[in-house]
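A.B. asks:
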Amino acid sequence: MTDRFPASMDFAGYNAPSRIECDIYDLVLEGTLPDEIEGSWYRSVPDPQYPPFLGDDTFLSGDGMVSRFRFEHGHVDLRQRYVQTARFTAERAARRSLFGRYRNPYTDDPSVRGVDRGANNTTPIWHGGRLLALKEDSRAVELDPHTLETRGPWDYQGQLRSQTMTAHTRADFDTGELYFFGYEAGGLATRDVAYCVADRNGRLLREEWFEAPYVSMMHDFAVTKEHAIFPVFPTTASLERIKAGGPHWIYEPSKDIYVGIMPRNGSVRDLRWFRRPAGSAYHFLNAYSEGQRVHLDFGLANMNPFPFIREASNIHMSPADIKSQLVRWTFDLAGPGENIEEQVLGPPGDLPRIANRDHMRDYQIGYYQRFDPAVGPPLVAGPVGAGFNTITRLQVKTGQMKNLAMDARSTVQEHVHVASRIAGHEGYLMFVVDRHDTALSEVFVVEAEHLDRGPLARIQLPFRLRCGVHGNWVPAEELPAE
Ligand SMILES: [Fe+2]
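Counting in this note's numbering, the sequence shown runs from -3 upward without gaps.
1) With DSSP run on the structure shown, which of helix, strand or coil describes residue 257?
2) Within 10 angstroms of the Cβ of residue 463, are there 16 or more other Cβ atoms? Answer buried if so, exposed if not.
3) Roughly how many whole angstroms lie between the Cα atoms of residue 77 and residue 455?
4) Going by the CB atoms, is the gap between residue 163 and residue 130 shorter than 9 Å?
5) How about residue 351 and residue 413: do their beta carbons lie closer than 9 Å?
6) Name the one or two DSSP bridge partners that residue 119 has.
7) For residue 246, write down the residues that DSSP places opposite it in a beta bridge.
8) Could you tell me if residue 459 is buried or exposed, where buried requires 16 or more neighbouring beta carbons within 10 angstroms of its beta carbon?
9) Tell me, to the nearest whole angstrom, how far the beta carbon of residue 40 is from that of residue 467; I am working on the premise that it is less than 8 Å.
10) Any C-beta of chain B sitting closer than 9 Å to the C-beta of residue 226?
11) Under the three-state reduction of DSSP, which class applies to residue 361: helix, strand or coil?
12) Starting from residue 88 and walking both ways along the alpha helix (DSSP H), at which residues does that stretch end?
13) Between residue 155 and residue 184, what straight-line distance do the alpha-carbon atoms span, to the nearest angstrom?
14) Please tell me whether, using a cut-off of 8 Å, the distance from the CB of residue 466 to the nearest non-hydrogen atom of ligand 1 is below it.
15) For residue 316, which option in 404, 381 and 191 has the closest C-alpha, if you only look at C-alpha atoms?
16) So, with DSSP's three-state summary, where would you put residue 221?
17) Smallest Cα separation from residue 216: which of 295, 241 and 109?
18) Going by DSSP, what residue range makes up the beta strand (DSSP E) through residue 283?
19) When the Cα of residue 187 is compared with those of 92, 1, 367 and 235, which residue comes out closest?
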């Protein structure tokens, strides 16, 4: 037995820990699954094996669970396994939590001093023939792509100097290269940022460090065919505060946003910084360069969306007062000054995805998720509170939208895009639907171009899948034979 989990937003209702490792063959399927969908959809889920060490905690601390939906000849199988991190192993041996506040080792049980705190719970990626489970505060952990068994920490064969690796890497699907970065690269609350590139075989080609203007929760970055873009938003850390047992992150509205841009094959010495007043963003839809003009598309908010970060910052604001919209920022590298041009692309939302072929270049279509209050009242699902209830296909040039809304008692988890082999076909989106009335989950498969027509296929889960963070689709031919 273990103690009860807290009744807080992060651990109750649809957010209750699930802790189910499983193999389910031939999930029940309604509708027609297109034959060409053959591959594996990997998703990362924070799912704490024990109640928090200090009584309460954020959803983001949960132990990494990776699930794999395997699509083969019209059949769908599900496997789920914990990532066996050093943190997970130490807690399992003790049969209780040992790690304290989110990203604060000074609040841990003395028995785990010096043990790697990484939970590797944010994104599974497939690159260089390796399945890596990532979280931005630590290095990668490699998993077996078929069994999901943990193979151990991955540091690019001892080459990676950064102590951290982002969960938002950027693949160039033309060259096979993986672009990534690590912030707090030199240790807790350091301004060091490592910029890294690995080749298609997973060999580290380069790693160069620079100092950010201040320590920032740099959750994502963007890369174009010519430039690398490092946005720095004012969710900040202080070593002093961490050492005093306080929160790692607070939001500081008095600080400016900085965006560093450099030629992607150039040196970090070429970084040029643009700036504007405070705001918050976590995920970038896409970016591309048009000569000396660089465009970055994303959801920009006037406040940090995480309740635990606002509380730590003594900012008391109703979620309804957090304003955001999907914007395009344009940086003119030919012009002088630090100014950023802004254009509104669409209504607020997050978890943006595009087709792989559109990455890093001028493009037409983005898919993202929104909370539409007309669908129903907010339902708690996932780390920020209210889950999304609508998936949107946006034509970024025209603002034209198609929407697929859930019913009033359902929310959606992040979608993945699956490319089609049929010429002119826009591919498919897949996502988990959380059914709050039955506490069961479904997977919807929709045609990306016609998502408003609803699912082609619905895959029934016999239990509730806890809200994942991010996932990726790997076509069957890219995986080694089983
Ligand atoms: Fe993310």
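Here a beta-carbon is modelled for each residue, glycine too, at the ideal position from N, C-alpha and C.
C.D. replies: To lay it out plainly:
1) strand
2) buried
3) 20 Å
4) yes
5) yes
6) DSSP output for residue 119 lists 130 as bridge partner(s).
7) 232
8) exposed
9) That belief holds up - the Cβ atoms of residue 40 and residue 467 are roughly 7 Å apart, short of 8 Å.
10) Included in the structure is just one protein chain, with no chain B present.
11) strand
12) 82 to 90
13) 20 Å
14) yes
15) Considering only alpha carbons, the answer is 381.
16) coil
17) 295
18) 280 to 286
19) Looking at the Cα atoms, 235 is the closest of the given residues.
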